[in-house]
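What follows is one structure encoded as structure tokens, with my remarks underneath.
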Amino acid sequence: MNLQRGDLLRVVVVGGGIGGAELVRNAATKEGLELVLVEPKERIECQALYPDYLGGKVEIEDMTAPLDPFCRKMNVAHAKDRATRIDLDDKRITCEKNDLDYDLLVLAPGAVQNYFGVEGAERAFSINTLEDTVKARRFVEKSRPKRIAIIGSGPTGIETACFLAENTSSAIFVVEMMDRLLPTLSRNASILMEKVLGGKGVEVLTNKQVRSIREGGVTFVDGESLDCEMTIWTAGIRPAPLIESLDLPKRSGWLLCDQYLRVQGREDVFAIGDCAWIEIGGKLATKTGMEAEIQAKHTARNLARVAKGTDLKPYSIRASTESPVALITTGCGCAVGIYGDLCVPIPKRIIYTFKSWIDKSFVRRFK
Ligand SMILES: Cc1cc2nc3c(=O)[nH]c(=O)nc-3n(C[C@H](O)[C@H](O)[C@H](O)COP(=O)(O)OP(=O)(O)OC[C@H]3O[C@@H](n4cnc5c(N)ncnc54)[C@H](O)[C@@H]3O)c2cc1C
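Numbering-wise (our numbering), the sequence shown opens with residue 16 and increments by one.
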């Protein structure tokens, strides 16, 4: 199959978050490729630092880098635009402002918050985007809510609870639908985190499914309710709307990839990061920044192989759902490290220093 139209392979990358930006950074130095990045935002953002920002520990400059100077430095065109439709037969992307043609397409538009149809949930605060996190921090600082409910006890919910417990005098509640905290991680991690949150005075409510969110509180499916002046929704993500609109193979809504991180059945469409379902050798890739970054580097090398006409190399998953890796900040300058069933017995300063270094150095490499 001849993928190329001109002298260079025109690669359009949709989404300049962790996966897309890292792919561009790595692919820009490869021969035979002409890169275009489609990203409506002006800055590359490191979501891993949003809870720190909410707690007032970092500022916007620490967790973002401007996209235009980076693209200029890498000699990559930045279309400050949002892709709305993709014609896979004509290899044409319709954006809000302009249309673009491609030889190869890399989809990296990430995910958006999933409210699972819970009544009133979209009115809750969220820390899934920078704008939402800025709004949440302003509310905390100005309104000083007495009681804050955090819905969802994944790593984001836990970090949010720890930062708010450390930096406010609010009563903090963590609400989890399952029977334990951190339900996607090991039981050891749940036990450790229960102790950590207990030590900070955070109240944990497990087996509590939210039925609706109203001003002033949360109502549960079992009929009970929790009064609070602020509710922060951290429970779950779904694919970006663009992915939902594409007629491509999917699993649970995510783009189904082959071992080369191409969308199944397509030689010209790659998918990386949160938007992709990557299952190789019985392992399923986690939706984390760490995985998105490694997938991006691998895909950049494979794009160069397509340009050279050599065979693609299969991807090997690093952080899978069966042995997930997580560094979770617990406030007071400490964090815990979890790898599969293993976790450190108490939060450590050195782990926070390491996590903070990873997150901030991701941002620095684009400056
Ligand atoms: C609060 C929070 C904390 C987290 N903490 C950690 C952590 O500590 N460690 C970790 O490994 N992971 C963490 N994650 C997960 C990590 O941030 C994601 O897995 C990672 O960002 C996924 O990268 P991505 O490139 O797929 O998507 P994103 O980084 O979300 O980037 C997607 C980009 O695509 C753009 N886009 C969307 N639609 C379109 C369109 N139609 N056209 C053009 N552009 C589009 C968006 O504007 C965005 O910039 C955290 C996530 C959150 C929300």
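Virtual Cβ for every residue (Gly too), placed ideally from N, Cα, C.
Legend entry - Entirely enclosed alpha helix (DSSP H) segments - the region 44-70, minimum 4 residues: Entirely contained in the region 44-70, the alpha helix (DSSP H) runs reaching 4 residues are, in chain order, 65-69.
Legend entry - Rounded straight-line distance, which links the Cα of Leu23 to that of Thr175: Taking the straight line joining both Cα atoms gives about 46 angstroms.
Legend entry - Own chain residues within Cβ distance below 6 angstroms of Asn129, not counting five before or after: Here Asn129 has Gly251, Ile252 and Arg253 as same chain residues with Cβ atoms under 6 angstroms from its own Cβ, once five neighbours each way along the sequence are excluded.
Legend entry - Beta-carbon proximity check, Val378 vs Cys61, cutoff 8 angstroms: Result yes, Cβ atoms of Val378 and Cys61 sit closer than 8 angstroms.
Legend entry - Contact set for Phe154: own chain, Cβ-Cβ below 8 angstroms, skip 5 residues either direction: For Phe154, same chain residues with a beta-carbon under 8 angstroms away, outside a window of 5 residues either side, are Phe140, Pro160 and Met245 in chain order.
Inset, instruction - Could you have a look at Pro170 and say whether DSSP puts it in helix, strand or coil? - result: Here Pro170 sits in helix by DSSP.
Inset, instruction - Tell me where the beta strand (DSSP E) around Gly352 begins and ends. - result: DSSP places Gly352 inside the beta strand (DSSP E), whose first and last residues are Cys349 to Tyr354.
Inset, instruction - Name, in chain order, the residues that DSSP records as bridge partners for Lys265. - result: Lys265 is bridged to Leu270.
Legend entry - Ala315 beta carbon near ligand 1 (any heavy atom closer than 7 angstroms): Answer for Ala315: no, Cβ out of range of ligand 1.
Inset, instruction - Assess, as a yes-or-no matter, whether the region 41-49 is touched by the region 319-339 under the definition of 3 or more beta carbon pairs within less than 8 angstroms. - result: Cβ pair count under 8 angstroms is three or more, so yes.
Inset, instruction - Return helix, strand or coil for Thr175, following the three-state DSSP convention. - result: DSSP places Thr175 in helix when its eight states are reduced to three.
Legend entry - Residues of its chain near Met16, where Cβ-Cβ distance is below 6 angstroms and the 5 sequence neighbours each way are ignored: Unreliable positioning characterises Met16 in this predicted model, as indicated by a pLDDT of 49, which lies under 50. A coordinate reading is not provided.
Inset, instruction - Using only the heavy atoms of ligand 1, determine whether one of them is closer than 7 angstroms to the beta carbon of Pro66. - result: Answer for Pro66: yes, Cβ within range of ligand 1.
Inset, instruction - May I ask you to check if the CB of Arg97 is nearer than 7 angstroms to at least one heavy atom of ligand 1? - result: For ligand 1, at least one heavy atom lies less than 7 angstroms from the Cβ of Arg97.
Inset, instruction - Please classify Leu368: is it buried, with 16 or more other beta-carbons within 10 angstroms of its beta-carbon, or exposed? - result: As written in the sequence, residue 368 is Thr, which differs from the Leu given in the question. Residue burial is scored here from C-beta neighbours: Thr368 has fewer than 16 other C-beta atoms within 10 angstroms and is therefore classed as exposed.
Legend entry - Whole-number beta carbon distance between Trp248 and Ile166, since they are thought to touch under 8 angstroms: Sure, about 5 angstroms apart at Cβ, within 8 angstroms.
Inset, instruction - Sort Tyr68, Thr301 and Pro81 by Cα distance to Asn143 and report the nearest one. - result: Selected option, being the one with the closest Cα: Tyr68.
Inset, instruction - Could you give the DSSP three-state label for Met89: helix, strand or coil? - result: In the structure shown, Met89 sits in a helix (DSSP, three-state: H, G or I).
Legend entry - Environment of Lys106 [buried if 16+ CB atoms lie within 10 Å]: Burial call: buried.
Inset, instruction - Would you give the residue range spanned by the beta strand (DSSP E) that Pro254 belongs to? - result: In the DSSP assignment, Pro254 falls within the unbroken beta strand (DSSP E) covering Ile252 to Pro254.
Inset, instruction - Could you pull the start and end residues of the alpha helix (DSSP H) that Leu212 belongs to? - result: Arg202 to Gly214 is the extent of the alpha helix (DSSP H) around Leu212.
Inset, instruction - Mind checking which residues open and close the alpha helix (DSSP H) that includes Gly379? - result: The displayed chain sequence assigns Arg, not Gly, to residue 379. Taken as a continuous stretch (DSSP letters only), the alpha helix (DSSP H) holding Arg379 covers Arg364 to Arg379.
Inset, instruction - Can you tell me which of Gln224, Leu115 and Ile33 puts its alpha carbon nearest to the alpha carbon of Phe381? - result: Per the Cα distances, Ile33.
Legend entry - Helix, strand or coil at Ala123 according to DSSP, with G and I counted as helix: The three-state reading of DSSP puts Ala123 in coil, since its state is none of H, G, I, E or B.
Inset, instruction - Let me know the secondary structure DSSP gives Gly230 once reduced to three states. - result: Note that residue 230 corresponds to Glu in the displayed sequence, not to Gly. Three-state result, Glu230: coil.
Inset, instruction - Confirm, please, whether the CB-CB distance from Ile361 to Leu200 is below 8 angstroms. - result: The answer is no: Cβ separation not under 8 angstroms.
Inset, instruction - Would you tell me roughly how many angstroms separate the C-alpha atoms of Met384 and Leu357, rounded to the nearest one? - result: In the structure displayed, the chain extends from 16 to 382; residue 384 sits before or after that span and is not available.
Inset, instruction - Report the three-state DSSP secondary structure of Met16 (helix, strand or coil). - result: With a pLDDT of 49 at Met16, under the threshold of 50, the modelled position of this residue cannot be trusted; read the value that follows with caution. When DSSP states are grouped into helix, strand and coil, Met16 belongs to the coil group.
Inset, instruction - State yes or no: is the C-beta of Arg100 within less than 8 angstroms of the C-beta of Ala80? - result: At the C-beta level, Arg100 and Ala80 stay beyond 8 angstroms of one another.
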